[in-house]
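Here's the structure we're looking at; comments come further down.
Numbering (our numbering), first residue to last: 52 to 643.
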């Protein structure tokens with residue numbers, strides 16, 4: 052019996068050995084798999100970090116004009132991106148990222164790697180070949196002449212890389228948000244920002260390569276109306292036309308002459324015809340005759356054509372387009388270039404130029420409007436001289452101009468249809484877009500003939516129902532607040548055409564430009580049905596306006612109800628470039 056028992060134990064022991072051996076082998080394989088996965092994950096992470104750093108170095112080198120450094124950094128980015136791609140397509144990584152939930156971060160890393168690889172190979176490497184065109188210093192020759200030939204030569208590679216960068220930017224936004232691991236999500240959001248910035252840089256540079264050679268007189272002299280807008284008295288494109296100049300461009304060289312104040316512009320006797328739709332909406336305001344209302348519409352090409360036609364009627368000179376800017380844009384530019392010094396030694400800086408030009412100049416000169424306009428013209432002349440004196444633009448200056456352009460504080464129009472077609476799709480084109488996407492543009496026009504919009508603040512909300520039918524209801528609400536303390540202000544600044552309202556009362560006409568094809572069904576002022584002072588359509592958009600009388604320290608709210616098409620696309624609320632930075636809230640579900 053003893054021997055039998057021993058045999059049984061021996062038999063059981065013999066059966067366990069293969070099982071234990073199998074478990075041991077599996078355990079070894081699991082450990083090996085995890086080690087392999089860990090190695091590939093580490094390789095992917097370190098390679099992605101190296102690629103990101105090299106990509107930033109390549110971009111900075113391009114902007115600094117270091118072509119050799121850009122090519123070297125782009126090559127490093129390509130090599131590390133190849134390593135990252137190899138790691139994320141390895142066997143253990145491919146298996147692990149397919150596991151539900153647990154594989155989520157690895158899947159996100161693989162998607163990130165794919166975008167980063169494209170960024171390095173399809174964008175940075177070829178873009179380094181166009182290094183000269185991405186560096187403003189190398190494009191500006193002696194005397195401020197722009198090398199337009201270099202821009203033309205760079206067009207093909209810029210077209211290629213900007214298109215690739217735009218596609219990669221879209222793909223970056225589609226990278227899955229990981230179920231866990233915050234470090235991966237940080238990498239995802241960082242990639243979105245990086246690709247967006249690079250796509251914007253290349254797209255803007257490509258647009259510049261298409262426009263600048265011809266607009267700077269590569270094919271013959273070009274002349275443009277330069278408008279200085281005064282945001283203290285609101286108009287559709289920003290502010291009242293306060294002064295002007297004529298820009299002369301030829302063979303890449305730019306100068307500004309004929310600086311003048313608005314009182315030197317004559318009323319038009321033969322106004323330009325901008326079509327029946329425009330005339331029906333704006334003829335009562337005499338916008339094509341009187342420069343004071345010439346830019347009441349937010350569509351900059353209208354103002355540009357009106358100004359050009361006025362100049363042609365007055366002088367006989369036909370212009371090629373128009374450019375507009377404002378004191379806030381000048382503050383950004385002075386922040387990059389440093390202050391300007393006037394003849395009496397006064398310094399105009401980034402910190403004081405807005406307040407001086409839009410506020411204190413009025414109290415300084417009181418009722419002497421000619422002296423005030425001469426002072427502002429001196430500031431404009433000094434600023435123009437600083438901008439066109441022939442020194443190469445810096446990255447800080449380009450950033451300042453870019454910021455002003457993105458805020459609508461620099462606007463450009465070309466009378467050449469091909470050039471204007473390109474400008475219309477940019478921020479500096481400052482156009483009403485030809486798009487059916489949800490849209491709400493609240494526009495303020497000063498109605499008091501004063502300068503109180505320096506003290507105006509805006510809060511705007513745009514909300515809409517879900518996309519369950521062909522149309523949906525939407526609401527746009529605009530609250531305007533008059534923050535002025537009128538004590539010590541001159542009548543020119545704080546009085547109005549009406550003698551029955553308190554001193555310092557802000558009187559405004561507030562317009563809504565809605566979605567194309569929408570209908571404005573009601574308008575209320577402070578919750579009470581309001582009288583529409585102006586209504587119609589402009590470029591297919593419904594327009595309706597309310598007249599607001601806002602005493603000092605008080606607010607007024609206009610609410611528009613609309614029935615608009617359930618059109619696809621992201622909702623937009625353009626910001627009219629006044630002095631304040633309005634609060635904008637959008638709650639509009641996307642359709643389609």
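Note that CB positions come from ideal geometry on N, CA and C, so glycine has one too.
Alpha carbon of residue i to alpha carbon of residue j, nearest angstrom
i: residue 135; j: residue 82; result: 23 Å
i: residue 380; j: residue 408; result: 12 Å
i: residue 280; j: residue 562; result: 19 Å
i: residue 471; j: residue 326; result: 18 Å
i: residue 555; j: residue 532; result: 12 Å
i: residue 404; j: residue 434; result: 11 Å
i: residue 316; j: residue 477; result: 29 Å
i: residue 450; j: residue 457; result: 10 Å
i: residue 395; j: residue 428; result: 14 Å
i: residue 251; j: residue 212; result: 11 Å
i: residue 465; j: residue 329; result: 20 Å
i: residue 146; j: residue 162; result: 15 Å
i: residue 635; j: residue 525; result: 16 Å
i: residue 529; j: residue 596; result: 12 Å
i: residue 518; j: residue 215; result: 32 Å
i: residue 492; j: residue 573; result: 16 Å
i: residue 314; j: residue 505; result: 21 Å
i: residue 550; j: residue 600; result: 13 Å
i: residue 350; j: residue 511; result: 20 Å
i: residue 159; j: residue 103; result: 16 Å
i: residue 345; j: residue 559; result: 16 Å
i: residue 290; j: residue 496; result: 8 Å
i: residue 53; j: residue 144; result: Only weak support is given to the placement of residue 53: the predicted model assigns it a pLDDT of 49, under 50, and the question is left unresolved by the model.
i: residue 263; j: residue 363; result: 24 Å
i: residue 334; j: residue 285; result: 19 Å
i: residue 361; j: residue 355; result: 10 Å
i: residue 535; j: residue 507; result: 8 Å
Buried versus exposed call for residue i [16 or more other C-beta atoms within 10 Å across all chains shown]
i: residue 615; result: buried
i: residue 142; result: exposed
i: residue 276; result: buried
i: residue 343; result: buried
i: residue 582; result: exposed
i: residue 93; result: exposed
i: residue 150; result: exposed
i: residue 548; result: exposed
i: residue 90; result: exposed
i: residue 393; result: exposed
i: residue 638; result: exposed
i: residue 11; result: Shown here, the chain extends from 52 to 643; a query on residue 11 therefore has no answer.
i: residue 148; result: buried
i: residue 322; result: buried
Residues of its chain near residue i, where Cβ-Cβ distance is below 8 Å and the 5 sequence neighbours each way are ignored
i: residue 439; result: 195, 305, 306 and 307
i: residue 230; result: 152, 155 and 156
i: residue 539; result: 414
i: residue 226; result: 159, 162, 163, 166, 239, 242 and 243
i: residue 59; result: The predicted position of residue 59 is uncertain, since its pLDDT is 49 and thus under 50; no value can be drawn from it.
Option nearest residue i by Cα separation, candidates the options
i: residue 174; options: 201, 210, 377 and 460; result: 210
i: residue 199; options: 257, 513 and 213; result: 257
i: residue 612; options: 132, 564 and 278; result: 564
i: residue 274; options: 392, 617 and 358; result: 358
i: residue 369; options: 126, 297 and 241; result: 297
i: residue 241; options: 167, 585 and 545; result: 167
i: residue 485; options: 530, 474 and 467; result: 474
i: residue 98; options: 86, 567, 169 and 137; result: 137
i: residue 375; options: 585, 501, 445 and 431; result: 431
i: residue 537; options: 419, 378, 520 and 501; result: 501
i: residue 131; options: 121, 118, 95 and 114; result: 95
i: residue 527; options: 520, 489, 543 and 557; result: 489
Close beta carbons around residue i, own chain, < 6 Å, minus the five adjacent residues each side
i: residue 447; result: 387
i: residue 569; result: 593, 613 and 615
i: residue 383; result: 451, 454 and 455
i: residue 219; result: 166, 169, 170 and 246
i: residue 459; result: 481 and 628
i: residue 567; result: 487, 591 and 592
i: residue 619; result: 642 and 643
Neighbourhood of residue i by C-beta, 7 Å cutoff - its chain only, sequence neighbours within 5 removed
i: residue 124; result: 105, 108, 109 and 112
i: residue 417; result: 541
i: residue 479; result: 456, 461, 462 and 463
i: residue 128; result: 102, 105, 106, 109, 171 and 175
Proximity test, Cβ basis, 7 Å: residue i and chain D
i: residue 565; result: The chain labelled as chain D is not found in the depicted structure, where only one protein chain is given.
request  = Flag this pair as touching only if the stretch 190-207 and the stretch 224-238 have three or more C-beta atom pairs under 8 Å; answer yes or no.
outcome  = Counting Cβ pairs under 8 Å, fewer than three are found: no touch.
ask   = Below 8 Å, can you find three or more Cβ-Cβ pairs linking the stretch 589-596 to the stretch 617-626?
value = By the Cβ test, the stretch 589-596 is not in contact with the stretch 617-626, since fewer than three Cβ pairs between them sit closer than 8 Å.
request  = Indicate whether the contact test is met: 3 or more Cβ pairs, each with one atom in the stretch 597-608 and one in the stretch 569-586, closer than 8 Å.
outcome  = Between the stretch 597-608 and the stretch 569-586 there are three or more inter-stretch CB-CB distances shorter than 8 Å, so the stretches are counted as touching.
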